[in-house]
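Protein sequences appear in the order of chains A and B.
Residue numbers for the first sequence follow the working numbering, so the first one is 1 and each next one is one higher.
Residue numbers for the second sequence follow the working numbering, so the first one is 1 and each next one is one higher.
Built from N, CA and C at the ideal position, the CB exists for glycine as well.
Number of protein chains: 2
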Amino acid sequence: MSRFIESHEDLRYFVDRFDNFLFDCDGVIWHGDELIPGVKEVLVYLRSIKKRLIFVTNNATKSRESFKSKFDRLGIQADLDEIFGSAYATALYLKRILKFPENRKVYVIGEKGVEDELASENVRFCGGTDPADNEFLELMDFSSITTDKEVGAVLCGFDMHINYKKLAKAHRYLIENEDCHFILTNDDSTFPTDGSIFPGSGAISAPLRYALVGKKTPIVVGKPHQPMLDCILDKHHLDRSKTCMIGDRLDTDILFGINGKLSTLLVLTGVVSKADVQKVDAKIVPEFVIESLGDFAPLASSF
Amino acid sequence: MSRFIESHEDLRYFVDRFDNFLFDCDGVIWHGDELIPGVKEVLVYLRSIKKRLIFVTNNATKSRESFKSKFDRLGIQADLDEIFGSAYATALYLKRILKFPENRKVYVIGEKGVEDELASENVRFCGGTDPADNEFLELMDFSSITTDKEVGAVLCGFDMHINYKKLAKAHRYLIENEDCHFILTNDDSTFPTDGSIFPGSGAISAPLRYALVGKKTPIVVGKPHQPMLDCILDKHHLDRSKTCMIGDRLDTDILFGINGKLSTLLVLTGVVSKADVQKVDAKIVPEFVIESLGDFAPLASSF
Chain A
1 MSRFIESHED
11 LRYFVDRFDN
21 FLFDCDGVIW
31 HGDELIPGVK
41 EVLVYLRSIK
51 KRLIFVTNNA
61 TKSRESFKSK
71 FDRLGIQADL
81 DEIFGSAYAT
91 ALYLKRILKF
101 PENRKVYVIG
111 EKGVEDELAS
121 ENVRFCGGTD
131 PADNEFLELM
141 DFSSITTDKE
151 VGAVLCGFDM
161 HINYKKLAKA
171 HRYLIENEDC
181 HFILTNDDST
191 FPTDGSIFPG
201 SGAISAPLRY
211 ALVGKKTPIV
221 VGKPHQPMLD
231 CILDKHHLDR
241 SKTCMIGDRL
251 DTDILFGING
261 KLSTLLVLTG
271 VVSKADVQKV
281 DAKIVPEFVI
291 ESLGDFAPLA
301 SSF
Chain B
1 MSRFIESHED
11 LRYFVDRFDN
21 FLFDCDGVIW
31 HGDELIPGVK
41 EVLVYLRSIK
51 KRLIFVTNNA
61 TKSRESFKSK
71 FDRLGIQADL
81 DEIFGSAYAT
91 ALYLKRILKF
101 PENRKVYVIG
111 EKGVEDELAS
121 ENVRFCGGTD
131 PADNEFLELM
141 DFSSITTDKE
151 VGAVLCGFDM
161 HINYKKLAKA
171 HRYLIENEDC
181 HFILTNDDST
191 FPTDGSIFPG
201 SGAISAPLRY
211 ALVGKKTPIV
221 VGKPHQPMLD
231 CILDKHHLDR
241 SKTCMIGDRL
251 DTDILFGING
261 KLSTLLVLTG
271 VVSKADVQKV
281 DAKIVPEFVI
291 ESLGDFAPLA
301 SSF
């Protein structure tokens with residue numbers, strides 16, 4: 001059973017209970033380009049009482065620098081090393097956890113944000129935004145899909161320039177380069193924007209996953225998978241028992257927290273309603289629930 | 001247990017047993033552009049003794065006209081109404097079995113062969129090779145992914161011009177147009193060519209299938225699924241008990257025959273070896289096995 005945070009005492013108890021807060025961003029801190037009311041004051045307050053704040057997002061198109069620009073624009077303090085996008089986490093994962101060798105390179109299906117983060121960790125890459133890979137092939141012309149034994153990993157994120165050439169090259173490296181890692185920034189099936197729902201990162205990698213069934217299973221870095229948390233802990237050495245994951249999605253944010261043995265707080269400013277949480281057969285149950293992160297604002301004003 | 005066709009009596013028995021033969025093409029009749037030895041004579045012979053021949057291929061990039069050109073070039077008689085590619089079968093399926101209404105249109109992810117076959121059945125379509133849909137979108141620019149309530153089906157086949165715009169449009173029609181059919185020409189995960197293996201039609205549709213899990217399940221027309229057979233039977237009214245499916249793949253051709261209550265003959269000129277067939281735990285067991293379709297040639301010469 002989840003505990004609903006409603007009274008001033010509930011707010012106080014929750015904040016005192018933890019040293020570290022991991023925040024999902026969209027649906028928790030902002031909706032698109034609009035801050036959720038009260039959130040700015042709450043974040044300033046938490047920082048003032050020495051809580052550690054970490055921003056954890058599956059969005060794979062942006063580097064930390066781009067995220068930081070957004071935080072700056074919205075007037076929220078966020079330092080580079082507090083920001084974990086799935087592009088950055090994937091670069092960290094390759095470099096720090098897989099110890100990706102310097103003489104090999106990563107074939108990228110993804111946008112510039114992924115490339116920027118690989119570069120920041122000194123990981124060599126190819127594909128991505130290279131114009132040579134951002135073109136359509138003529139029907140049944142496979143002549144440009146050649147082998148490249150230097151490729152030691154295929155990294156697939158969200159890519160609005162997905163095409164057959166990239167898929168065929170990635171597939172060829174994965175089946176022919178025996179020790180080639182297969183890594184996804186995240187596997188979100190869809191995301192909401194512009195009044196509809198669009199295919200997400202997991203849809204971009206679906207052709208490779210389908211073609212490789214029984215042959216190669218990808219490592220997925222982003223929430224709800226644990227490599228994202230491994231990267232955060234590798235950098236910040238947090239005590240899990242004093243850490244709470246705050247998010248608006250049960251199947252990514254809350255599951256991420258539960259699997260990582262963190263506490264979890266669900267906010268209802270995103271895709272999940274109170275009725276969803278109270279379903280008897282709910283499979284993913286957050287430890288705490290609050291209407292909005294902005295509801296902590298009274299603590300800030302009484303401070 | 002499969003029955004291996006080896007002696008002259010076996011050949012005779014097999015040919016006398018059936019009135020109708022359905023042939024997969026690649027790996028059975030030809031390899032790419034090379035005829036398999038003896039096959040030409042065997043087909044001439046079967047035709048001369050009044051057997052009905054039907055050619056059944058999952059290749060979704062070609063219309064019947066294009067397949068016929070290939071048969072012509074290789075010197076094999078094949079009439080248009082004996083050829084069932086998955087593009088044609090899908091057009092037939094929409095028109096004859098689903099009774100697709102004339103005031104709606106099909107959104108195509110596929111190549112010209114699919115469009116040609118839809119046109120041959122007077123089914124209206126959009127997308128496909130339309131230059132407006134064969135371009136890359138700028139990152140996070142979804143402005144061209146608008147609604148279109150006239151779209152009553154999304155048809156997805158093999159498309160070397162797959163891109164995010166097509167996927168996002170197809171996804172939007174499938175979630176927003178409530179009665180919108182979701183149809184795949186076939187779901188082959190890969191195909192061999194040019195000395196390697198490449199993502200197939202099923203990989204092209206994988207993003208949509210992944211994004212729509214729990215929301216919409218596609219109808220798959222091609223082998224091993226049964227709509228292909230429904231189309232053949234709708235046109236030719238064959239007696240299943242007098243019909244044999246001949247192919248080189250267990251998981252498409254032979255399964256197609258078994259599920260359709262046809263007899264099955266596996267040839268070993270394609271992807272399956274004799275050892276594969278003799279495995280004790282084989283799940284898909286053909287009724288008959290022969291090294292090559294060309295091995296029926298002695299019947300032709302003794303005729």
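Closer than 9 Å at the beta carbon, the chain B residues around residue i
i, result
"Leu-137 (chain A)", "Met-160, His-161"
Contact set for residue i: own chain, Cβ-Cβ below 6 Å, skip 5 residues either direction
i, result
"Leu-35 (chain A)", "Leu-74"
"Val-289 (chain B)", "Ser-2, Phe-4, Leu-266, Val-277"
"His-181 (chain B)", "Ala-153"
"Leu-137 (chain A)", "Tyr-164, Lys-165"
"Asp-239 (chain B)", "none"
"Leu-167 (chain A)", "Pro-207"
"Gly-202 (chain A)", "Asp-187, Asp-188, Ser-189"
"Pro-218 (chain A)", "Phe-182, Leu-184"
Chain-ordered neighbours of residue i on chain A, where CB pairs are closer than 7 Å
i, result
"Ser-86 (chain B)", "Under the 7 Å cutoff, chain A gives no residues; its nearest Cβ is about 16 Å from Ser-86 (chain B)."
"Asp-194 (chain B)", "Phe-142"
Any C-beta of chain A under 8 Å from that of residue i
i, result
"Val-306 (chain B)", "Absent from the model: residue 306 (chain B). The displayed extent of chain B is 1 to 303, so no value can be given."
"Ala-206 (chain B)", "yes"
"His-171 (chain B)", "yes"
"Tyr-107 (chain B)", "no"
"Gly-306 (chain B)", "Missing from the structure shown is residue 306 (chain B); chain B here goes from 1 to 303 and no further."
"Asn-134 (chain B)", "yes"
"Glu-111 (chain B)", "yes"
"Tyr-164 (chain B)", "yes"
Proximal residues of chain D, C-beta to C-beta of residue i below 7 Å
i, result
"Thr-190 (chain A)", "Absent from the structure is chain D; the protein chains it does hold are A and B."
Listed by chain order, chain A residues near residue i by CB distance under 8 Å
i, result
"Gly-304 (chain B)", "Beyond the ends of chain B as shown, which are 1 and 303, falls residue 304 (chain B); an answer cannot be given."
Where residue i meets chain B, residues with beta-carbon distance less than 8 Å
i, result
"Ala-282 (chain A)", "Under the 8 Å cutoff, chain B gives no residues; its nearest Cβ is about 16 Å from Ala-282 (chain A)."
"Ala-61 (chain A)", "Ala is not the amino acid found at residue 61 (chain A); the sequence shown has Thr there. Residues of chain B passing the Cβ test: Leu-139, Met-140."
"Ala-168 (chain A)", "Phe-198, Pro-199"
Own chain residues within Cβ distance below 7 Å of residue i, not counting five before or after
i, result
"Ala-78 (chain B)", "Phe-55, Lys-68, Phe-71"
"Ile-83 (chain B)", "Phe-55, Arg-64, Phe-67, Lys-68"
"Leu-43 (chain B)", "Leu-53, Ile-76"
"His-8 (chain A)", "Pro-298"
"Gly-200 (chain A)", "Phe-158, Asp-188, Ser-189, Thr-190, Phe-191"
"Lys-274 (chain A)", "Leu-268"
"Asn-259 (chain B)", "Pro-224, Gln-226"
"Gly-128 (chain B)", "Val-108, Gly-110, Val-114, Glu-115"
"Phe-125 (chain B)", "Lys-105, Val-106, Val-108, Glu-115, Leu-118"
Within chain B, partners of residue i - CB distance below 7 Å
i, result
"Ile-175 (chain A)", "Ile-197"
Integer Cβ distance of residue i from residue j, believed to fall under 8 Å
i, j, result
"Leu-22 (chain A)", "Ile-246 (chain A)", "7 Å"
"Glu-287 (chain B)", "Thr-264 (chain B)", "5 Å"
"Glu-111 (chain A)", "Ala-91 (chain A)", "Not really, about 14 Å apart at Cβ, beyond 8 Å."
"Lys-105 (chain B)", "Val-151 (chain B)", "6 Å"
"Lys-242 (chain A)", "Phe-18 (chain A)", "6 Å"
"Asp-248 (chain A)", "Val-272 (chain A)", "6 Å"
"Phe-296 (chain A)", "Leu-11 (chain A)", "6 Å"
"Val-123 (chain A)", "Lys-95 (chain A)", "6 Å"
Cβ neighbours of residue i in the same chain (closer than 8 Å, five flanking residues each side left out)
i, result
"Ile-97 (chain B)", "Pro-227, Asp-230, Cys-231, Asp-234"
"Val-221 (chain B)", "Ser-86, Ala-89, Thr-90, Tyr-93, Ile-183, Leu-184, Thr-185, Asn-186, Pro-227, Met-228, Cys-231"
"Ala-170 (chain A)", "Tyr-107, Ile-109, Gly-127, Val-154, Cys-156, Leu-208"
"Asp-281 (chain B)", "none"
Task: Inside the region 220 to 294 of chain A only - beta strand (DSSP E) runs reaching at least 3 residues - done: 243 to 247, 263 to 267, 288 to 290
- [ ] Counting only runs of 4+ residues fully inside the region 91 to 136 of chain B, write out the alpha helix (DSSP H) ranges in chain order.
- [x] 112 to 120
Open item on the list: So within the region 143 to 191 of chain A, which uninterrupted alpha helix (DSSP H) runs reach at least 4 residues, ignoring any that extend past its ends?
Closed with: 164 to 176
TODO: Write down every uninterrupted run of the alpha helix (DSSP H) in the region 21 to 52 of chain A whose length is 4 residues or greater and which is fully enclosed by it, in chain order.
DONE: 39 to 48
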